[in-house]
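Sequential numbering of the sequence shown, starting at -15, is according to my numbering.
Below you'll find the structure, written out as structure tokens, and then a few comments.
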Amino acid sequence: MKKILTIAIAVMTMSACTTRENPFLTEWNTPYDIPPFDEIEVDDYIPAIKEGIAQQQKEIDAITSNPEAATFENTIAPYEESGEILSKVAGVLYNITETDRTAELDSVMELAIPLMTEHSDNIAFNKALYERVAAIWNGDQSNLTREQQMVLKKHFESFERSGIGLPEDKQARLREINTEMATKTQKIGNNILSESNAFKEKFGISVSDYPNAMTTTEDRDLRRQMFEAYTTRGHNGNEFDNRQLILDVMGLRIEKAQIMGYNNPAEFILEPKMAHDPETVDTFLDGIMTAAVKRAKEEVYDMQKVMDEDIAAGKLPAGSKIEPWDWWYYAEKVRKLKYDLDEDLIKPYFKLENVVDGIFIAAKTLYGVNMEKLEGVPSYNKEKVTTYKVTDEKGELLGIFTTDYLPRESKRGGAWMNNIREQKVDAKGNMIRPIIVNVGNLEEYLNVDEVQTVFHEFGHALHGLLTQCHYPSVSGTNVTRDFVEMFSQFNENWAFQPELLAQYAKNDKGEVIPQELVDKINNSLKFNQGFMTTELCAASILDMKWHELESVEGLDIDAFEKKVCDEMGLISEIVPRYRTTYFNHIFSSGYSAGYYGYLWSEVLDKDAFSIFEASGNVWNLELAKKFKQTFLERGGSEEPMTLYKEFAGREPDSNAFLEGRGLK
Ligand SMILES: [Zn+2]
-15 MKKILTIAIA
-5 VMTMSACTTR
5 ENPFLTEWNT
15 PYDIPPFDEI
25 EVDDYIPAIK
35 EGIAQQQKEI
45 DAITSNPEAA
55 TFENTIAPYE
65 ESGEILSKVA
75 GVLYNITETD
85 RTAELDSVME
95 LAIPLMTEHS
105 DNIAFNKALY
115 ERVAAIWNGD
125 QSNLTREQQM
135 VLKKHFESFE
145 RSGIGLPEDK
155 QARLREINTE
165 MATKTQKIGN
175 NILSESNAFK
185 EKFGISVSDY
195 PNAMTTTEDR
205 DLRRQMFEAY
215 TTRGHNGNEF
225 DNRQLILDVM
235 GLRIEKAQIM
245 GYNNPAEFIL
255 EPKMAHDPET
265 VDTFLDGIMT
275 AAVKRAKEEV
285 YDMQKVMDED
295 IAAGKLPAGS
305 KIEPWDWWYY
315 AEKVRKLKYD
325 LDEDLIKPYF
335 KLENVVDGIF
345 IAAKTLYGVN
355 MEKLEGVPSY
365 NKEKVTTYKV
375 TDEKGELLGI
385 FTTDYLPRES
395 KRGGAWMNNI
405 REQKVDAKGN
415 MIRPIIVNVG
425 NLEEYLNVDE
435 VQTVFHEFGH
445 ALHGLLTQCH
455 YPSVSGTNVT
465 RDFVEMFSQF
475 NENWAFQPEL
485 LAQYAKNDKG
495 EVIPQELVDK
505 INNSLKFNQG
515 FMTTELCAAS
525 ILDMKWHELE
535 SVEGLDIDAF
545 EKKVCDEMGL
555 ISEIVPRYRT
565 TYFNHIFSSG
575 YSAGYYGYLW
585 SEVLDKDAFS
595 IFEASGNVWN
605 LELAKKFKQT
615 FLERGGSEEP
625 MTLYKEFAGR
635 EPDSNAFLEG
645 RGLK
């Protein structure tokens, strides 16, 4: 507590010394209202957050003190509009702490998180506001548009789920839980980053390059060392150990769910999702796991044959068996044998900037989207970031798109899409277009997986850019977690289409990738899917089992994880894609009881894509237009299943998913 106070005083003193205006509190006279990144200083965040909190509180007070009966227009609409300053700060701050983290920013976050959590709790427990929302919810909704009904539903459910109907002592406890959870989950994420940096220091490769390194490292003992270091992150008994923090967070999540009247966090979290309940998710994952492990065992058999040749050649001791640290290495050997596919031959055709051309060409062909590079606009990292103006076929502005693909130590691992500004129509009727970022950790030339990643994140970006909603809380990617990955994964389907490859997959001499290599890529896409599906499904089940716990008393993380893996039928050659102590998604980034969403969404995306294939033309513009108008423009303004049935004319079918992964 003392440390936080000292920083608070330091920040206040520094901002008091200067007469310059805080950029978050002024009009932005920048092109497209892009945040004036150059003018923002680290000391601007906390004063702006405080000002932003005061502003939104005032706006909410104005709503609740209105003597007229509650209507959508006098309650929900101004509530959606409120908190302008906070949105500006959050858009910038949350982006930059993930991409250009510094010790100063860590200190800012340490102060910001409790402030923001307290504020959002103040809203969540605002009885007067809740009563107005409930009155509209319980009243006649027939005069509302469908989007307005969905916005209303979202706010009503969010109030109910915050615990506002509970007695005051329980509400007070929930608030304590929320504050403590926010700080602890942030700490878990920071520990994972620190441990990942330690991994890089030790082996000279970043964690996002781990699969590559495991594929190409011949020295088996070095592979074992890398595997052990990678899979014990957050589990080393040092200052970055996450075990106690995870038990604390799970204890708090369980307590919260039980206060809310549920048995466990999974029941509580899943209720508003497309899948709705843990049983549905468990059954869904069990079915996939069975098919995936069966296929993975066949893959082990193929790899063992190659290993046996190494044994016969005297490279390995007799009796050597495939271990988890052998998988990537021998999988690549089998791939070369079976598909004659050598990643080193492919990479020269997938230069990062050419792949970016590829995603843009596909989007232009399918959805009429134009990308124009912008020079001299504000940017949060001038050396590493490129910004584009995005317009539709009529030249109307769709939004601003920024790419930040190159790795640096201050950046979190992995790849993601982020929204710096949400799309909306403001109170004066002005259309506000979004600012979207795609972030990655990529080198100059990409392998097949990385090409898919670039298409994946751009799929999220298109969902964010093409949106034509009215209210920010349902626009763009503001849909349920188990629906949102449909659009990113859907976009991956175009990455290796021959017509597109001919336009973007060129080597430095300008030669297009030969058809022979294209065939090999497409044939090999089903390769190793037993492994890929098993590790993904295993992580999803591990996530569910954590969140189906009803107590963590006396729980040992290692024993629990082992029991879960045994029960799901995981084979010893594979570990879950993320083990507990570095499972950032579920302990620090909002995917708790939600990691299954990747597989769930994939059923939808593969099924939707199969409709394009069935038409005989994956570039069917009629269907692309329908896809854009049904899904991409409508965000969360309608129930996911309703949208899906509108597009497909039926419920989703998992056949295309199983076939796509070579599991059928
Ligand atoms: Zn995604």
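All C-beta atoms, glycine included, are put in the ideal place defined by N, C-alpha and C.
Source: prediction; values computed, not measured.
Per DSSP, residue i forms a beta bridge with which residues?
i      : result
THR370 : THR387
ARG405 : ILE419
LYS335 : TYR429
TRP400 : VAL423
GLU356 : LYS373
LEU653 : The question about residue 653 has no answer here: the residues shown for the chain are numbered -15 through 648.
LYS322 : For LYS322, which the question treats as bridged, DSSP gives no partner whatsoever.
VAL496 : LYS490
Applying the 10 Å Cβ sphere with the 16-neighbour rule, what's the burial state of residue i?
i        : result
SER91    : buried
ILE24    : buried
GLN407   : buried
LYS648   : exposed
LEU605   : exposed
ARG130   : exposed
ARG319   : buried
LEU158   : buried
GLN473   : buried
LEU321   : exposed
GLY538   : exposed
ALA(-6)  : Confidence at ALA(-6) is low in this model, with a pLDDT of 42, below 50, so its placement is unreliable and the value that follows should be read with caution. Looking at its Cβ environment, which holds fewer than 16 other Cβ atoms inside 10 Å, ALA(-6) is exposed.
ASP542   : exposed
LEU607   : buried
GLN40    : buried
TYR628   : buried
ALA678   : Residue 678 cannot be examined here, being either before or after the span of the chain that is shown, -15 to 648.
GLY415   : It should be noted that the sequence gives Met, not Gly, for residue 415. Its Cβ having fewer than 16 others within 10 Å, MET415 is exposed.
HIS674   : What the structure shows of the chain is the stretch from -15 to 648, and residue 674 is not part of that stretch, so it cannot be assessed.
PRO456   : buried
LEU381   : exposed
THR83    : buried
ALA32    : buried
ALA640   : buried
ILE(-12) : With a pLDDT of 41 at ILE(-12), under the threshold of 50, the modelled position of that residue is not reliable, and no figure is offered here.
Compute the distance between the beta-carbons of residue i and residue j, then report whether it is under 8 Å.
i      : j      : result
VAL369 : ASP388 : yes
GLU476 : GLN513 : no
ALA276 : THR518 : yes
LEU588 : PRO636 : yes
SER709 : ILE253 : Since the first and last residues shown for the chain are -15 and 648, residue 709 lies out of range.
THR81  : LEU89  : yes
GLY245 : VAL458 : no
LEU325 : MET528 : no
GLY646 : ARG279 : yes
HIS531 : PRO249 : yes
ILE148 : TYR114 : yes
TYR16  : ILE306 : no
CYS521 : ILE330 : no
MET401 : ALA445 : yes
ILE37  : HIS103 : yes
PRO195 : TRP312 : yes
ILE419 : ARG396 : no
LEU533 : GLU545 : no
ASN601 : TYR488 : no
Thinking residue i and residue j are a contact (beta carbons under 8 Å), I'd like their distance in whole angstroms, please.
i      : j      : result
GLY173 : ASN568 : 6 Å
ARG217 : ILE176 : 6 Å
PHE511 : ALA479 : With 8 Å as the limit, PHE511 and ALA479 do not qualify as a contact, their Cβ atoms being about 16 Å apart.
THR451 : LEU231 : Actually they do not touch by this definition, with Cβ atoms about 40 Å apart.
GLU441 : ASN422 : 4 Å
TYR333 : ASN106 : Contact flag wrong, Cβ pair sits at about 54 Å.
THR464 : PRO301 : Contact flag wrong, Cβ pair sits at about 51 Å.
At least one CB of chain B closer than 8 Å to the CB of residue i: is that the case?
i      : result
LEU539 : Of the chains in the structure shown, none is chain B; there is only one protein chain.
Unbroken stretches of the alpha helix (DSSP H), 4 residues or longer, contained in the segment 576 to 620: Here the runs fully enclosed are 581 to 598 and 605 to 611.
Just to confirm the assignment: which complete alpha helix (DSSP H) runs, minimum length 4, are found wholly within the segment 170 to 204? The qualifying runs are 194 to 200.
Would you list, in sequence order, the uninterrupted beta strand (DSSP E) runs of no fewer than 3 residues that lie entirely inside the segment 259 to 293? Qualifying beta strand (DSSP E) stretches: none in this window.
Completely contained alpha helix (DSSP H) runs for the segment 430 to 464, where each covers 4 or more residues: Runs of the alpha helix (DSSP H) inside the segment 430 to 464: 432 to 449.
Can you check the segment -3 to 75 for any alpha helix (DSSP H) of at least 4 residues that lies completely inside it and give the ranges in chain order? Whole alpha helix (DSSP H) segments, 4+ residues: 29 to 48 and 61 to 65.
Jot down the residue ranges of each uninterrupted alpha helix (DSSP H) in the segment 121 to 169, minimum 4 residues, whole runs only, in chain order. Unbroken alpha helix (DSSP H) stretches of 4 residues or longer found wholly inside the segment 121 to 169: 130 to 146, given in chain order.
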